[in-house]
Structures are given as C-alpha cells and as structure tokens.
Amino acid sequence: MDNLFTTLDSLNEEIISIRRHLHKHPELSFEEVETPKYIADFHEQLGHEVKTGVGGNGVLAYLKGNHEGPTVALRADFDALPIHEETDLEFQSVNDGVMHACGHDGHTATLLGVAKALNKHKDDLHGTVVFIHQHAEELPPGGAKPMIEDGVLHGVDVIFGTHLQAQMPLYEINYRTDELQASSDSFEVTIFGKGGHGAMPQDTKDSILIASQLVDNFQQIVSRRVNPLQSAVLSVCSFEAIGPYNVIANTAKIKGTVRTLNEETRELMEQEMQRVIEGTCHLSGADFEFKYDRGYPVLINHKEETEFVMEVAETVPEVQEIKETEPIMGGEDYSYYLQEVKGTYFFTGAQPEGTENPYPHHHPKFDIDEKSLVIAAKILAKSTMEYMLKNK
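For the sequence shown, the tail end lands on 392 under the UniProt record's numbering, and the numbers increase by one without skipping.
Structure follows, in structure tokens:
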C-alpha cells in the first residue's frame, strides 16, 4: 500500500494537468462530446476495456487484476454548469457561459489518476475495477439512472465515490453512515386568474395576489405539517407574472424545489402542497395547474462500507481530520447506485489554503485546492485494493 501511495504521488502533477484540461474545456449536461472521448482515450491507452455511449454519454472502463476476487466500482461525474466563469485562472473555461463550478473536473481527474495507479499495480489486484465516468449529474433526470439501466453495475459487489468540497477544510474528510444527501424534487404551479385593469381590481381574480398568498401558505407546510424531528425544505425560487404596469396579470407562475431525507416526508410534502394549492385557489375562485417532478432520491450510505473506507482514510498521510457530518439538503444522483449495491459516498475537503471565505459551489468564482485530488485518489485507490484483499 505504501507503494500505491508513492505511485499516486508520482502522478500528482499529471492528475492536476488533467483537471486543468477538463476545466478549460467544460461541457453541459447531456451535451458532453469531447470529454467522454478524452476519458475513453485515456483508458484505452492504459489497455483497459472501454465502453462509450453508456446510458447516453457515459463511459465505462474495466481493469481486471491478475488474481480473482470481487468487483469494485468507482464513480466520477464529468458534466459542467451553465455559468460564465470569473476566476481569471490561466486555465479558465474557453467555452463561454459554461464552467466547471462544482468540482466535477477534479472528480474525473482523480478517477483517471486512480485508474493509472491501479493499472501499475494490477499484479496485486484481487478482482476487477469498474470505472464509471458519469455524464449529466447536474441536470435531472441525470446520468446515473440510464447508466445503471445500461448495465454498469452488472456483477459489481461494492461502489465508492467522493465529492470535493470547496467550503470544507483541506486535509479533512467528512462521512455519514446513513442519510447523507436529500431527495431533490421540483415543482411548478400556474395560477389561472382573471386579468384586468389595475385600477379596477374588483373585476379581476388577481393571479399575482393569489400566487403571493400561495408562497406564504407554503411556509406553513414545513413548520406545521412536518414532524419537527424530520427535515424538509420547500423553497420558491421563481415568480413570474409579466405584463404592463397597469394590467393585473391573467396568470402567474411559481417554481421551486422540495428537499427531504426520507420517503414518508417526501410523500407528505407533495400531498400537502396539493391541499394548500387547492384551498388557496378555491378561496379566490381561481384555477391552477400543479406539476411535481421527483428528482434524485435520498442518498443513503451503507454503514459497514462507510466505516471501512474511513478506516482506510485514517492511513492516508495527508488526512488530518475525519468527521461525521450532518446530512446536507443538496441532491446527488449517486443515490441511485447505492439503491442497487452496497457502498459509500464521502466528502473530501478542497478549500483553497489561505482562503477564509471560499466561493461556494455553483459560483462564477468557484475553485478548489488541487492538493485535494491526490488525497481523494489515495482513499479511493487503497479502499479498492483493501476491499479486494479483505473479500478475495
């Protein structure tokens, strides 16, 4: 294992170079063309069996060790976001309006570094490694589900993955043995009122007023209908009622997101929203249309596999602290993999050193400390080899 760490240290500059190349050439979810080609070419040069176009734009690569044993899957996403970059980095995005603002470039670079390191140690591998390079994590319905439907988990015994966290201290690892991330649903409500002259509101059914009441009434669902011991978020993020200054709009539309940490609360939120919408519109005699789209499910880690990976993390020289974290309400389609096979997903600290208030994920000035890449790589690579030895 010391030799494995030495190999990864020797690959550190190459891993950083890969990250910078990917950062400079980002591609949006479901529009990835050159990135999967780059990934496939990298694996082919290592002699790995490669499949492209998996579940859409995904890439799958296989490394078979020289000994029989279990099959370990490692996953990294590679899509970017529709954000205009403002970092002024030397390797800033050349694709206007598209940016790697969530660390997926680092995830992919890390996994490619792991692939090269494990390839160099395949004589010590007791099993098969499946490298899952996933497209379209950022945009539901996401890339994980179609890739699973295309067979990426066939024969897989366990799956490991990590997310670089720019607002988490470098050299720190965060984990959780159960619910780590929330389900991620979206909604859209259109209020059909009766427009009219702004000076004669008595002749209208004011869609703007009704929608405003709805926004207010929604806040009572989490505070008064959800068990205080459960977690839920209902955020209205868009309100649209366009028209002249003196015309009460005929329709108003609100959009937003719902996050929960279990299916019972998820069901309750949708049911209560329907009830509140019906009641609010009934009082004003307005009609409505309610669309509720279920996104990614709750990400639930498996206890034994999580504890195993954290034991490995303790042996990585650069890791200074390992902490169990509270759940976060952000969504992640890695949850689909954990519904099918055992495994875990953890956070690797990537806060730029010397920065007290780093820019958050999905911000135009987002950046990571590249020293985090080799730390993540060491945990994933050693977890793979240790799991194989433990279960051969």
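Where is the CB? At the ideal position from N, CA and C, for every residue including glycine. This structure is a prediction, so every number in the text was calculated from the model and none was measured.
By the 10 Å Cβ neighbour count, where 16 or more other Cβ atoms means buried, how is E44 classified, buried or exposed?
-> The residue labelled residue 44 in the question sits at position 44 within the sequence shown. Of the residues assessed, E44 falls on the exposed side of the cut-off, its CB having fewer than 16 other CB atoms within 10 angstroms.
### Query
Of the residues F160, I148 and G53, which one's Cα is nearest the Cα of M385?
Residue 385 sits at position 385 when you count from the first residue of the sequence shown. Considering only alpha carbons, the answer is F160.
Point to revise | Three-state class that DSSP yields for E149 in the structure shown | key: Sequence index remark: in the sequence shown, residue 149 carries index 149 (1-based). Here E149 sits in helix by DSSP.
Worksheet item: Touching or not, the region 82–98 and the region 15–32, by the rule of three or more beta carbon pairs under 8 angstroms?
Response: They touch, by the three-pair rule.
What's the call for Y245, buried or exposed, on a 16-neighbour Cβ count within 10 Å? What you label residue 245 is simply residue 245 of the sequence shown in a count that begins at 1. Y245 should be labelled exposed.
Exercise. Roughly how many angstroms separate the alpha carbons of L229 and G243, rounded to a whole number?
Worked result: Walking along the sequence shown from the start, residue 229 turns up at place 229. Walking along the sequence shown from the start, residue 243 turns up at place 243. Taking the CA atoms as reference points, L229 sits about 43 angstroms from G243.
Any contact between the region 311–320 and the region 116–133? By contact I mean 3 or more CB pairs, one from each, below 8 angstroms. Taking a cut-off of 8 angstroms on C-beta distances, the region 311–320 does not touch the region 116–133, as fewer than three cross pairs fall below it.
Figure out for me which residue from Y336, D369 and K120 has the closest Cα to the Cα of L4. Stepping through the sequence shown from its first residue, residue 4 is reached at position 4. Among Y336, D369 and K120, the Cα nearest to that of L4 belongs to K120.
| task | Please report how far the alpha carbon of G196 lies from the alpha carbon of E270, in whole angstroms. | result | Walking along the sequence shown from the start, residue 196 turns up at place 196. Walking along the sequence shown from the start, residue 270 turns up at place 270. Distance from the CA of G196 to the CA of E270, rounded to the nearest whole angstrom, comes to 32 angstroms.
- request: Compare the beta carbon distance of I328 and Q351 with 9 angstroms and say whether it is the shorter of the two.
  value: As a position in the sequence shown, residue 328 is number 328, starting the count at 1. As a position in the sequence shown, residue 351 is number 351, starting the count at 1. No.
Exercise. Taking just the CA atoms, how far does Q165 sit from G103?
Worked result: Numbered from 1 along the sequence shown, position 103 holds the residue referred to as residue 103. Numbered from 1 along the sequence shown, position 165 holds the residue referred to as residue 165. Going by the C-alpha atoms only, they are around 8 angstroms apart.
### Query
Taking the C-alpha atoms as reference points, what is the distance between A381 and V276?
Counting from 1 along the sequence shown, the entry for residue 381 is found at position 381. Counting from 1 along the sequence shown, the entry for residue 276 is found at position 276. Approximately 50 angstroms between the Cα atoms of the pair.
Margin query: Quick check on this structure: which residue in F288, L283 and Y296 has the alpha carbon closest to the alpha carbon of E263?
Written below: The residue labelled residue 263 in the question sits at position 263 within the sequence shown. E263 has its Cα closest to that of Y296, out of F288, L283 and Y296.
TODO: Let me know the beta strand (DSSP E) ranges lying completely inside the region 175–215, each 3 residues or longer, listed in chain order.
DONE: If we require 3 residues or more, the beta strand (DSSP E) runs fully inside the region 175–215 come out as 179–181 and 183–192.
In the DSSP assignment, find the unbroken alpha helix (DSSP H) run with F5 in it and report its ends. Numbered from its first residue, the sequence shown carries residue 5 at position 5. Its alpha helix (DSSP H) spans residues D2 to S10.
Requested in this report: Give me the Cα-Cα distance between V236 and G69, rounded to the nearest whole angstrom.
Outcome: Translated into the one-based positions of the sequence shown, residue 236 becomes position 236. Translated into the one-based positions of the sequence shown, residue 69 becomes position 69. Just so you know, the alpha carbons of V236 and G69 end up roughly 49 angstroms apart.
Exercise. Looking at L11 and A377, is the spacing between their C-beta atoms short of 9 angstroms?
Worked result: Translated into positions along the sequence shown, residue 377 becomes position 377. Translated into positions along the sequence shown, residue 11 becomes position 11. For A377 and L11, yes; Cβs fall inside 9 angstroms.
- Are the Cβ atoms of K291 and N250 separated by less than 9 angstroms? Taking the first residue of the sequence shown as position 1, residue 291 is located at position 291. Taking the first residue of the sequence shown as position 1, residue 250 is located at position 250. Their beta carbons are not under 9 angstroms apart, which means K291 does not touch N250 by this criterion.
Quick one: any contact between the region 111–127 and the region 171–180, if contact means 3 or more CB pairs under 8 angstroms? Taking 8 angstroms as the limit for Cβ pairs, the verdict is that the region 171–180 does not touch the region 111–127.
Notebook entry, point to check: Roughly how many whole angstroms lie between the Cα atoms of T325 and S284?
Noted result: On the sequence shown, position 325 is the one that residue 325 refers to. On the sequence shown, position 284 is the one that residue 284 refers to. Rounded to whole angstroms, T325 to S284 spans 45 angstroms at the Cα level.
- In terms of alpha-carbon separation, which member of I16, A199 and Y336 lies closest to V247? Here residue 247 refers to the residue found at position 247 of the sequence shown. Cα-wise, what sits closest to V247 is A199.
Margin query: At 4 residues or longer, what runs of the alpha helix (DSSP H) sit wholly inside the region 37–81?
Written below: Fully contained in the region 37–81 is no alpha helix (DSSP H) run of length 4 or more.
Is H363 near A101, with beta carbons less than 9 angstroms apart? In the sequence shown, the residue the question calls residue 363 occupies position 363. In the sequence shown, the residue the question calls residue 101 occupies position 101. Closer than 9 angstroms, so yes.
### Task
Look at A252 and I221 and say whether their C-beta atoms are less than 9 angstroms apart.
Taking the first residue of the sequence shown as position 1, residue 252 is located at position 252. Taking the first residue of the sequence shown as position 1, residue 221 is located at position 221. Contact: no.
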